[in-house]
Each structure stands twice: as structure tokens, then as C-alpha cells.
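Numbering (my numbering), first residue to last: 120 to 320. What follows is a single structure, written as C-alpha cells, with notes after it.
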């Protein structure tokens with residue numbers, strides 16, 4: 120696919136998870152190298168995307184005070200990341216949506232441009248040396264909304280099945296491990312304190 124202008128792409132950050140393996144810590148506000156995770160990705164993609172949306176379900180004032188627009192899951196829609204994608208797609212006003220989970224450790228240079236280059240008309244998903252990373256993906260918003268409607272109607276919570284229904288190609292990033300902050304060991308390896316600093320601010 121041809122390159123896309125930044126204004127055509129919204130950055131959607133998935134930050135609505137419960138972080139059960141971290142005792143419920145809000146991973147959006149984990150601080151690494153002096154910066155909360157949820158602020159890292161708008162800065163990282165500032166030159167490549169336009170608007171920014173965050174899928175979040177708690178402490179919404181924190182996002183507002185940080186200059187971010189948070190969108191919540193629809194009431195009763197307990198489908199994990201599918202619910203977050205639904206919230207982002209519903210609020211997105213650009214034709215394309217780049218999604219990343221808030222707990223990513225890092226992204227390689229050229230992530231978005233490689234996804235665009237490898238995309239079909241409906242987008243593309245990423246994989247790294249650890250395997251598929253379905254939440255790191257580029258979506259055509261109109262197609263995503265239709266696919267989400269079908270997934271929600273059948274209570275399907277699997278993002279890889281959603282992507283299969285859209286026939287999204289997988290763009291592999293060789294020699295790359297995006298990583299996720301899922302466990303205390305992950306935090307330790309990334310040099311992150313196991314607190315969201317909610318009571319320290």
C-alpha cells in the first residue's frame with residue numbers, strides 16, 4: 120500500500136486491561152525511564168499519526184489532565200481487547216487506526232511504515248520473534264467496525280480471529296521482540312518499579 124499521511128491515522132492505545140498478573144496495577148501509568156507508558160507512545164508516533172485515543176476504564180481524569188482523550192468500553196461488553204478495539208473504532212474519526220498495547224516495551228524504527236507497506240486494503244498486523252502480536256496492528260476503520268460488529272454479536276473475544284475475518288496480512292519484524300509488561304519479572308527486566316504512582320502524584 121502507498122504511504123499514508125499522518126492525519127489519516129489515529130493512534131489508539133489499548134490501556135483497559137485489568138493487569139491481574141500485576142495485582143491490578145494500572146499499566147498505563149507505570150513509569151519507565153522517567154515517562155509513564157501511556158505518554159511514551161504518543162511521543163513515539165507523533166510525526167506519523169494525527170489524533171490519539173486511549174482505551175481505558177478507570178481513573179479517567181488522569182488522562183484528561185495529561186491531555187489525552189480516553190474512551191471507555193461499552194457497558195456490559197466484557198470481551199477484553201475486543202471491547203477496547205470497539206471503543207477506539209467507535210471514537211475514531213480518521214480512516215485508519217494504528218493500535219498498540221500500552222504495556223509494550225519497545226517498537227522498532229519503521230514499525231508503522233512497514234505495516235503500511237505490507238497492508239492490504241483493510242490493514243495489517245505485526246509479528247516479532249516471539250510470535251504474533253495482534254494488538255500491534257493497522258486497521259481500516261470502516262472494515263474494523265464491521266468486523267467488530269460480527270465478533271460482538273457472536274461474543275468472540277479472540278483478536279486473531281477478528282484479523283482472520285479481515286484477512287489481514289502479518290508483517291514480521293525479524294530480530295525484534297516488542298515485549299510486554301505483564302509480570303513482575305517483566306517489570307524488573309525493563310527497569311520499571313511495580314507501582315503506578317497513583318498515590319505519589
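We put the CB at the ideal spot given by N, CA and C, even for glycine.
Quiz item: Considering only residues of the same chain and omitting the five flanking positions on each side of residue 126, which have a CB-CB separation below 6 Å?
Solution: Here residue 126 corresponds to residue number 7 of the chain shown, with the count starting at 1. 169, listed in sequence order.
Self-check item: Option in 298, 286 and 197 with minimal Cα separation from residue 135
Solution: Along the chain shown, one-based indexing puts residue 135 at 16. Nearest of 298, 286 and 197 to residue 135, Cα basis: 197.
Exercise. State the start and end residues of the unbroken beta strand (DSSP E) segment that holds residue 259.
Key: What you label residue 259 is simply residue 140 of the chain shown in a count that begins at 1. Residues 250-259.
Quiz item: Per DSSP, residue 299 forms a beta bridge with which residues?
Solution: In the chain shown, the residue the question calls residue 299 occupies position 180. Answer by DSSP bridge pairing, in chain order: 223.
Quiz item: Going by other Cβ atoms of all chains shown within 10 Å of its Cβ, with 16 needed for buried, is residue 124 buried or exposed?
Solution: As a first step, residue 124 must be located in the chain shown, where it is residue number 5. Exposed.
Quiz item: Hey, how far is the Cα of residue 194 from the Cα of residue 206?
Solution: Numbered from its first residue, the chain shown carries residue 194 at position 75. Numbered from its first residue, the chain shown carries residue 206 at position 87. The straight-line gap from Cα to Cα measures roughly 11 Å.
Self-check item: Reference residue 159, options 189, 176, 221 and 213, closest by Cα
Solution: By one-based count along the chain shown, residue 159 stands at place 40. For residue 159, the nearest C-alpha among the options comes from 221.
Quiz item: Buried or exposed: where does residue 184 fall if 16 or more other Cβ atoms within 10 Å of its Cβ makes it buried?
Solution: Position 65 of the chain shown, counting from 1, holds the residue named residue 184. By the 10 Å Cβ count, residue 184 comes out exposed.
Quiz item: From which residue to which residue does the alpha helix (DSSP H) around residue 201 run?
Solution: Position 82 of the chain shown, counted from the first residue, corresponds to residue 201. Per DSSP, residue 201 belongs to the alpha helix (DSSP H) from 200-210.
Quiz item: For residue 177, which of 254, 262, 214 and 144 has the nearest alpha-carbon?
Solution: By one-based count along the chain shown, residue 177 stands at place 58. Among 254, 262, 214 and 144, the Cα nearest to that of residue 177 is on 144.
Exercise. Compute every distance between the C-beta of residue 202 and the non-hydrogen atoms of the ligand ATP, then say whether any falls below 8 Å.
Key: As presented, the structure is devoid of all ligands, the ligand ATP included, so that no description of it is given.
Quiz item: Mind checking whether residue 287 and residue 243 have CB atoms under 9 Å apart?
Solution: The residue given as residue 287 occupies position 168 in the chain shown. The residue given as residue 243 occupies position 124 in the chain shown. Yes, they are a contact pair.
Practice problem: Compare the beta carbon distance of residue 298 and residue 224 with 9 Å and say whether it is the shorter of the two. | Solution: By one-based count along the chain shown, residue 298 stands at place 179. By one-based count along the chain shown, residue 224 stands at place 105. Against a cut-off of 9 Å, the Cβ pair of residue 224 and residue 298 comes out as a contact.
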